[in-house]
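> Take a look at this one; I'll ask things after.
Protein chains: 2
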Amino acid sequence: MPGEIILIGDELISGRIGDSNARFAAAALQAVGLAFRAAQMVGDQETDILEAFRLARRADFVVVSGGLGTTDDDITNAAAARFFDLPLEEHPLMLANLRRLAVKRKRKFNNAHRRMALMPKGVDLLDGAFAGWSLMDSDGRPWFFLPGVPAEFTGLFTSKVVPALLDYFVGQKSASRCITVFGISEAEIGRRLEGAAAKIAGANLGYYPVFPEEKLILSVSGGSEEEIKAGLDILEDEICARLGRHVIVRGPQSLEEEVGGKLRERGLSLSLAESCTGGLIGHRITQVPGSSSYFKQGVVVYSNQSKIELLGVSREILDAAGAVSQPCAAAMAVGARMGAGTDLALAVTGIAGPDGGSQEKPVGTVFLALAAPEGVVVEKNWNFGDRNGVKLVAAEAALNLLRRYLAGDINFSNL
Amino acid sequence: MPGEIILIGDELISGRIGDSNARFAAAALQAVGLAFRAAQMVGDQETDILEAFRLARRADFVVVSGGLGTTDDDITNAAAARFFDLPLEEHPLMLANLRRLAVKRKRKFNNAHRRMALMPKGVDLLDGAFAGWSLMDSDGRPWFFLPGVPAEFTGLFTSKVVPALLDYFVGQKSASRCITVFGISEAEIGRRLEGAAAKIAGANLGYYPVFPEEKLILSVSGGSEEEIKAGLDILEDEICARLGRHVIVRGPQSLEEEVGGKLRERGLSLSLAESCTGGLIGHRITQVPGSSSYFKQGVVVYSNQSKIELLGVSREILDAAGAVSQPCAAAMAVGARMGAGTDLALAVTGIAGPDGGSQEKPVGTVFLALAAPEGVVVEKNWNFGDRNGVKLVAAEAALNLLRRYLAGDINFSNL
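Those sequence lines, one after another, are chains A and B.
So the first sequence is residues 1 to 415, counted in our numbering.
So the second sequence is residues 1001 to 1415, counted in our numbering.
Here it is in structure tokens:
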């Protein structure tokens, strides 16, 4: 049951903005065992839009993104009315919703708003609050028209389009879950997970990279809600067993949300000492609303002098072992914890490149350390990548070290 | 002369990875006055690829991305050979280049490498080092086949495809420049730049947002190299005059590269004190290779306690004016500069939200400070956005404050 997605907008075809809806929708479909066979992108010209619509009749279902807004170049509804040979009329429910929204936002309801309610006659709104709608064409092919704004597109696609497609093509309920994986190649994930989904009726498994993580989307469709939940439980456990320690988050939350939640739950405070990551770990931790309740302070110690002054790393360690070394990482973590008076401290020192590498410590060598009431633990990490890649992997590995500590998965006997 | 781009790959159409080549190519074309009219994306199935090729004959030129690699699912060359009715043969120059590359990389030359050299007979290599090639079809329509790997695609597109298209469609040389703009809405940029490019023969102006910046691409084609350079000089000056202080970088470099270069040139050292940005400014500064020569240290002072202990901000300031205030920002910058012993220090404190805002200081309120030998300067900034947006704008505004100082554009009399 291959589908097609059509992306409409001069701003897209001119490269002024990049599209993210196609990838999002494709990944969401893969997760429930559906797929696109092709995607098309055209500008805001009616002839081009109509040609895209005609071509899309090769597909079993069609998703259209963009051109439903209030400005003059939003002509998707008019093109659709012409294509399906339906009159363009104000949709009464949409009009009422837009009026209510204008009152709520203290804005004057104007002709531009009224324009959004002009839709092909008789279509079904996907959700009263947004401009999206659907219809079944004369061949029994479902079409979904969604706003191009990513937040609206992704929300409607997940909550309305996927369930409608499953209902139409499978006639079954469905649910999905997300697992985040780190520190294992895509090829190895594929090898380890071979056949895992096939064991459970109606199960599907999709995965896509968000460097340096890999996101797995598990889904099960068919049966009762209880059966679906049971199927997902089995599949999730199976996948976690096969991937072991490489599973870093079970659920939709980010790694920084995961560790932040655990820190908050257990009332633990955190400080940071970053060298090669330059502040990236602090940036990620503070992406989480409310992180000030557990994150107290960080230092970015880019010079040897700052490692000495801000963290009390000894001149001896820097001279004997160097700034990128196990003893320096340990001293940084201990110094950060003591200085900040926090329960925990995370430290990173490494060589981001492109210069500064040696035979013994090549570019990409990173030492991660965690200081805790139980002691301090240091791990060495190496990854191949450019400067940005090394920083991204180092920050991820550091947050993962903290996560493992919070999960009781750290052995403090190594120092 | 509208073109078409075809993106090929199961990994794209399944959403496993997102495409960035279409946007890059579209923006590069806009900058020289060319454009795509449509884009298509299909998987690695020959029937789908052939259908996309057939459809693309509606365009005046065609760019194909992906499927030129060494694995079994890379079938673009085979599909092209069938489509153009040409035999699939080993390209002798490509084969020789691949052999040389294998020796250089100390890898064994194998059948997978040999597979990359299998191309439709008689095509022209774009560049001996990569798998890209071009041909003119029987209607006189140029086709360009490029590897999908973004680094290879963008390199070849810029260095080979754009010049070839200009040569073919315009018969003229061309050159382009980039200007980065900040702190002005897209609509206002459009209004101010209206008619600017029309004054110069062969000039074009494209722009696209990379939040929170706007990138402008200026290009001039036609005439001698000297005439093109003169046209670009006039256009660049005209644009900079019209946008004034909103132009933050002239050239292709990033803002952090721009300020880094100036710091290095003048032998000035820098330290940071970040609150609401959480380390993002340090992360950006350390994205630049060699930044350790001017960036010494930073502190992320997320708690009041850390502002006192690490920066010497007084309890009185925190009690009377609060952590998000002009005096606190000034004290942070001065404390950071003194503590680190650097020539300059940059400080940021603000409310990233979603909580913590008030009537007087709503979410998005940010104070930026720069401490220098001449004194300290503080600026207040407000922006509407979510937590991530507030952080991105605050970091950009802070780096821009530093850039303006380095350009001699700061008045120290305000404190």
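Just so you know, even glycine gets a beta-carbon here, dropped at the ideal spot from N, CA and C.
As the structure is a prediction and not an experimental result, all values here were calculated from the model.
(1) Any idea what DSSP makes of A:Val-103, helix, strand or coil?
(2) Residues of chain A with CB under 7 Å from B:His-1283, in chain order?
(3) Roughly how many whole angstroms lie between the Cα atoms of A:Ile-248 and A:Glu-257?
(4) For A:Ala-321 versus A:Leu-368, is the C-beta distance shorter than 8 Å?
(5) Compare the C-alpha of A:Glu-265 against each of A:His-283, A:Thr-286 and A:Tyr-294 and name the closest.
(6) Using the C-alpha atoms, what's the distance from B:Ser-1219 back to A:Leu-166?
(7) Give the C-beta separation of B:Gln-1287 and A:Asn-388 to the nearest angstrom, bearing in mind that I take them to be a contact with Cβ-Cβ under 8 Å.
(8) Counting only C-beta atoms, is A:Arg-16 closer than 8 Å to chain B at any point?
(9) Under a three-way DSSP split, which group does A:Phe-442 fall into?
(10) Please classify B:Val-1249: does DSSP put it in a helix, a strand, or coil?
(11) Per the contact definition of three or more C-beta pairs closer than 8 Å, is the region 1058-1078 of chain B in contact with the region 1145-1163 of chain B?
(12) So if DSSP puts A:Ala-369 in a beta bridge, which residue, or which two residues, is it bridged to?
(13) Between the region 195-203 of chain A and the region 147-159 of chain A, can you find at least three pairs of beta-carbon atoms closer than 8 Å?
(14) Does the distance from the CB of A:Phe-384 to the CB of A:Gly-364 come in under 8 Å?
(15) Identify every run of the alpha helix (DSSP H) within the region 1282-1315 of chain B, keeping only runs that are complete inside it and at least 4 residues long; order them along the chain.
(16) For A:Ala-56 and A:Lys-121, what's the separation of their Cα atoms in angstroms?
(17) Run through the DSSP bridge pairs and tell me what B:Pro-1209 is partnered with.
(18) Looking at chain A, is there any beta carbon in it that lies within less than 8 Å of the beta carbon of B:Arg-1387?
(19) Please report the straight-line C-alpha distance between B:Ile-1308 and B:Met-1332, rounded to a whole angstrom.
(20) Can you pull out the residues from the region 1036-1051 of chain B whose beta carbon lies closer than 9 Å to at least one beta carbon of chain A?
(21) If we cut at 8 Å on Cβ distances, does A:Thr-180 have a partner in chain B?
(22) Does the region 334-346 of chain A come close enough to the region 261-277 of chain A that 3 or more CB-CB pairs lie under 8 Å?
(23) Between A:Lys-83 and chain B, is any beta-carbon pair separated by less than 8 Å?
(24) Opposite B:Ser-1221 in the DSSP bridges: which residues?
(25) Which residues bound the beta strand (DSSP E) around A:Leu-270?
(26) May I ask you to report which of helix, strand or coil DSSP gives B:Glu-1265?
(27) With 9 Å as the C-beta to C-beta threshold (strictly closer), list the residues of the region 1120-1146 of chain B near chain A in chain order.
(28) Per DSSP, what are the beta-bridge partners of A:Ala-39 in this structure?
(29) If I measure Cβ to Cβ from B:Glu-1046 and keep anything under 8 Å in the same chain, skipping five residues before and after, which residues do I get?
(30) Between A:Glu-4 and A:Arg-54, which are expected to be in contact by the criterion C-beta below 8 Å, what is the C-beta distance as a whole number of angstroms?
(31) So, for B:Phe-1084: in the same chain, excluding its five sequence neighbours on each side, which residues have a beta-carbon less than 6 Å away from its beta-carbon?
(32) Chain C partners of B:Ser-1292, CB-CB under 8 Å?
(33) From A:Gly-206, A:Asn-21, A:Leu-272 and A:Asn-111, pick the residue whose C-alpha is nearest to that of A:Arg-337; which is it?
(34) Closest Cβ-Cβ distance between A:Arg-23 and chain B: below 8 Å?
(35) Could you check what DSSP says for A:Thr-277 in three-state terms: helix, strand or coil?
Looking at the coordinates:
(1) Position 103 of the first sequence, counting from 1, holds the residue named residue 103 of chain A. Three-state result, A:Val-103: helix.
(2) Within the second sequence, numbered from 1, the residue matching residue 1283 of chain B stands at position 283. Near B:His-1283 (Cβ distances below 7 Å), the residues of chain A are Gly-278, Gly-279, Leu-280 and His-283.
(3) Here residue 248 of chain A refers to the residue found at position 248 when the first sequence is read from its first residue. Here residue 257 of chain A refers to the residue found at position 257 when the first sequence is read from its first residue. Annotation: A:Ile-248 to A:Glu-257 spans about 12 Å, alpha carbon to alpha carbon.
(4) Taking the first sequence and counting its residues from 1, the one referred to as residue 321 of chain A is at position 321. Taking the first sequence and counting its residues from 1, the one referred to as residue 368 of chain A is at position 368. Not a contact, by the Cβ cut-off of 8 Å.
(5) Residue numbering aside, residue 265 of chain A sits at position 265 when the first sequence is read from its first letter. Of the candidates A:His-283, A:Thr-286 and A:Tyr-294, the one whose C-alpha sits nearest the C-alpha of A:Glu-265 is A:Tyr-294.
(6) Within the first sequence, numbered from 1, the residue matching residue 166 of chain A stands at position 166. Within the second sequence, numbered from 1, the residue matching residue 1219 of chain B stands at position 219. If you take the alpha carbons of A:Leu-166 and B:Ser-1219, they lie about 49 Å apart.
(7) The sequence position of residue 1287 of chain B within the second sequence is 287, counting from 1. The sequence position of residue 388 of chain A within the first sequence is 388, counting from 1. Indeed they touch by this definition, with Cβ atoms about 6 Å apart.
(8) In the first sequence, residue 16 of chain A corresponds to position 16, counting from 1. Yes, contact with chain B.
(9) Lying before the first or after the last residue shown, residue 442 of chain A is absent from chain A, which here runs from 1 to 415.
(10) As a first step, residue 1249 of chain B is located in the second sequence; it is residue number 249 there, counting from the start. If DSSP states are grouped into helix, strand and coil, B:Val-1249 belongs with the strands.
(11) yes
(12) As a working mapping, residue 369 of chain A is identified with position 369 in the first sequence. According to DSSP, A:Ala-369 bridges with A:Ala-347 and A:Val-378.
(13) no
(14) Numbered from its first residue, the first sequence carries residue 384 of chain A at position 384. Numbered from its first residue, the first sequence carries residue 364 of chain A at position 364. The Cβ atoms of A:Phe-384 and A:Gly-364 sit closer than 8 Å to each other.
(15) 1304-1311, all fully within the region 1282-1315 of chain B.
(16) Position 56 of the first sequence, counting from 1, holds the residue named residue 56 of chain A. Position 121 of the first sequence, counting from 1, holds the residue named residue 121 of chain A. Those two C-alpha atoms are separated by around 21 Å.
(17) Against the second sequence, residue 1209 of chain B aligns to sequence position 209. Looking at the DSSP assignment, B:Pro-1209 forms a beta bridge with B:Glu-1214.
(18) The sequence position of residue 1387 of chain B within the second sequence is 387, counting from 1. It does: the Cβ of B:Arg-1387 has a partner Cβ on chain A nearer than 8 Å.
(19) Walking along the second sequence from the start, residue 1308 of chain B turns up at place 308. Walking along the second sequence from the start, residue 1332 of chain B turns up at place 332. Cα to Cα, the separation comes out at about 9 Å.
(20) Phe-1036, Arg-1037, Ala-1038, Ala-1039, Gln-1040, Met-1041, Val-1042, Gly-1043, Gln-1045, Asp-1048 and Glu-1051
(21) The residue given as residue 180 of chain A occupies position 180 in the first sequence. A:Thr-180 does not count as touching chain B.
(22) Three or more beta-carbon pairs drawn from the region 261-277 of chain A and the region 334-346 of chain A are found closer than 8 Å, and the two stretches are therefore classed as touching.
(23) Indexing the first sequence from 1 puts residue 83 of chain A at position 83. The amino acid at residue 83 of chain A is misidentified as Lys; the sequence shows Phe. So no, A:Phe-83 is outside the interface.
(24) As a first step, residue 1221 of chain B must be located in the second sequence, where it is residue number 221. DSSP, once it has assigned bridges, lists B:Ser-1174 as partnering B:Ser-1221.
(25) Indexing the first sequence from 1 puts residue 270 of chain A at position 270. Here the beta strand (DSSP E) through A:Leu-270 covers 270-274.
(26) Within the second sequence, the letter at position 265 stands for residue 1265 of chain B. Residue state, collapsed to three classes: helix.
(27) none
(28) Position 39 of the first sequence, counted from the start, is the residue given in the question as residue 39 of chain A. DSSP output for A:Ala-39 lists A:Ile-5 and B:Met-1041 as bridge partner(s).
(29) Within the second sequence, the letter at position 46 stands for residue 1046 of chain B. Excluding residues within five positions, the ones whose Cβ falls inside 8 Å are Ile-1075, Ala-1078, Ala-1079 and Arg-1082.
(30) In the first sequence, the residue the question calls residue 4 of chain A occupies position 4. In the first sequence, the residue the question calls residue 54 of chain A occupies position 54. 11 Å between Cβ atoms; not a contact.
(31) Walking along the second sequence from the start, residue 1084 of chain B turns up at place 84. Counting only Cβ-Cβ distances below 6 Å, and skipping sequence neighbours, we find Pro-1120.
(32) Checking the listed chains, one finds no chain C in this structure; the protein chains it contains are A and B.
(33) Here residue 337 of chain A corresponds to residue number 337 of the first sequence, with the count starting at 1. For the residues A:Gly-206, A:Asn-21, A:Leu-272 and A:Asn-111, the minimum Cα distance to A:Arg-337 belongs to A:Leu-272.
(34) Indexing the first sequence from 1 puts residue 23 of chain A at position 23. Answer yes: the Cβ-Cβ gap between A:Arg-23 and chain B drops below 8 Å somewhere.
(35) For this step, residue 277 of chain A is matched to residue 277 along the first sequence. Correct three-state label for A:Thr-277: coil.
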